[in-house]
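Visitor: Numbering (the working numbering), first residue to last: 81 to 347.
Virtual Cβ for every residue (Gly too), placed ideally from N, Cα, C.
Remember, it's a predicted structure, so these values are computed and weren't measured experimentally.
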Amino acid sequence: MIIQNVNIQTQQPAWWFIFSHNQLLQIETAPGVPNLPASLLDYASHHLEQVTQIGEYQGHPCYLIDMEGEQPEIEGTEWLSLRHFLMRNDQELFQIAARAWQVAVFLRTHRYCGKCGSRMHRIDWELATQCPSCEHRCYPRISPCIIVAIKKGNQILLAQGRHHQHDMYSTLAGFVESGESLEQAVHREVMEEVGVEIGNLRYFSSQPWPFPHSLMVGYLADFKAGDIKVDGHEIIKADFFDFDNLPYTPPPFSIAGQLIKATIEGK
Ligand SMILES: [Zn+2]
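#1: Does the count of Cβ pairs from the stretch 119 to 126 and the stretch 159 to 170 closer than 8 Å reach three?
#2: Pick helix, strand or coil for residue 296, following the three-state DSSP scheme.
#3: Among 220, 323, 280 and 283, whose alpha-carbon lies nearest the alpha-carbon of residue 294?
#4: Taking residue 93 as the reference, give the member of 290, 202, 317 and 139 with the closest Cα.
#5: Pull up the distance between the alpha-carbon of residue 133 and that of residue 193, whole angstroms please.
#6: Under DSSP, the alpha helix (DSSP H) around residue 138 begins and ends at which residues?
#7: When the Cα atoms are used, what is the spatial distance from residue 244 to residue 330?
#8: So, at 8 Å on beta carbons, what are the nonlocal neighbours of residue 217 in its own chain, with the 5 sequence-adjacent residues on each side left out?
#9: What is the DSSP secondary structure of residue 233, reduced to helix, strand or coil?
#10: Could you check if residue 195 belongs to the surroundings of ligand 3, using beta carbon to heavy atom distance under 7 Å?
#11: Any chance you could list the alpha helix (DSSP H) runs of at least 4 consecutive residues sitting entirely within the stretch 157 to 220, in chain order?
The structure is reproduced here in structure tokens:
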């Protein structure tokens with residue numbers, strides 16, 4: 081549910097997702113974002129015309145305000161990254177923050193028409209922008225990205241990406257290319273990144289990942305053939321690890337962490 085030009089009940093409590101640059105306004109001493117009526121949140125009450133409703137949480141509406149480059153000091157709050165928010169909050173609230181961020185990014189990057197250069201208008205009955213001159217319409221971008229856990233007996237294939245932090249090993253992942261099915265993308269990425277063949281591919285689950293607009297589509301697979309040969313670009317190290325002797329891996333709230341757990345549990 082994403083609604084623009086909402087009628088805000090200024091006396092009713094709401095959750096406020098307020099972005100500035102790439103940071104989210106968060107409560108200083110506790111997890112979460114401000115949960116107040118608009119009338120009590122000074123900034124919100126001055127910018128009600130910019131509000132987009134992006135869902136509900138615990139019976140209260142969730143509102144987005146994008147301040148772009150402005151970053152005022154608001155008492156009892158601090159500006160922190162979305163990744164920081166992910167570490168401190170439950171999955172449901174993070175998903176709403178993720179949606180808010182993706183909507184903000186969409187609106188920031190679709191001010192002008194990509195076909196004719198005119199200023200775009202927002203459509204008020206769905207989340208889209210439309211060009212008044214040539215009618216070109218744009219929707220928020222979602223980039224599908226496959227992620228796969230590969231099992232070989234009592235071992236799992238994990239790799240260290242060039243951009244992974246703290247020597248973390250994870251499952252393989254990569255963006256789906258134009259004209260490719262999800263399954264083709266899995267086979268291609270695995271072959272490109274570590275040079276092995278896989279089989280018994282099974283869909284696991286998906287997770288929106290707002291850095292900046294991925295949809296992670298998770299698979300479980302079995303090793304089939306080949307020797308590990310890392311590509312040296314995206315992947316710098318990869319190996320099969322015994323289930324009882326894993327390296328440092330992603331946390332369980334990430335789909336990578338869930339895929340590793342499911343592989344070990346023999347799913
Ligand atoms: Zn146009």
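Guide: On the basis of the coordinates in this document:
#1: no
#2: Position 216 of the sequence shown holds residue 296. Of the three classes helix, strand and coil, the one that applies to residue 296 here is strand, per DSSP.
#3: The count along the sequence shown starts at 1 and reaches residue 294 at position 214. For residue 294, the nearest C-alpha among the options comes from 220.
#4: If you number the sequence shown from 1, residue 93 lands on position 13. Of the candidates 290, 202, 317 and 139, the one whose C-alpha sits nearest the C-alpha of residue 93 is 139.
#5: In the sequence shown, residue 133 corresponds to position 53, counting from 1. In the sequence shown, residue 193 corresponds to position 113, counting from 1. Those two C-alpha atoms are separated by around 24 Å.
#6: In the sequence shown, the residue the question calls residue 138 occupies position 58. Per DSSP, residue 138 belongs to no alpha helix (DSSP H) and is neither H nor E.
#7: As a working mapping, residue 244 is identified with position 164 in the sequence shown. As a working mapping, residue 330 is identified with position 250 in the sequence shown. Going from the Cα of residue 244 to the Cα of residue 330 covers about 10 Å.
#8: Numbered from its first residue, the sequence shown carries residue 217 at position 137. Cβ within range, chain order: 203, 208, 209, 210 and 211.
#9: In the sequence shown, counting from the first residue as 1, residue 233 sits at position 153. Coil.
#10: With respect to ligand 3, the structure offers nothing, as its ligand set consists of ligand 1.
#11: 162 to 168 and 171 to 189
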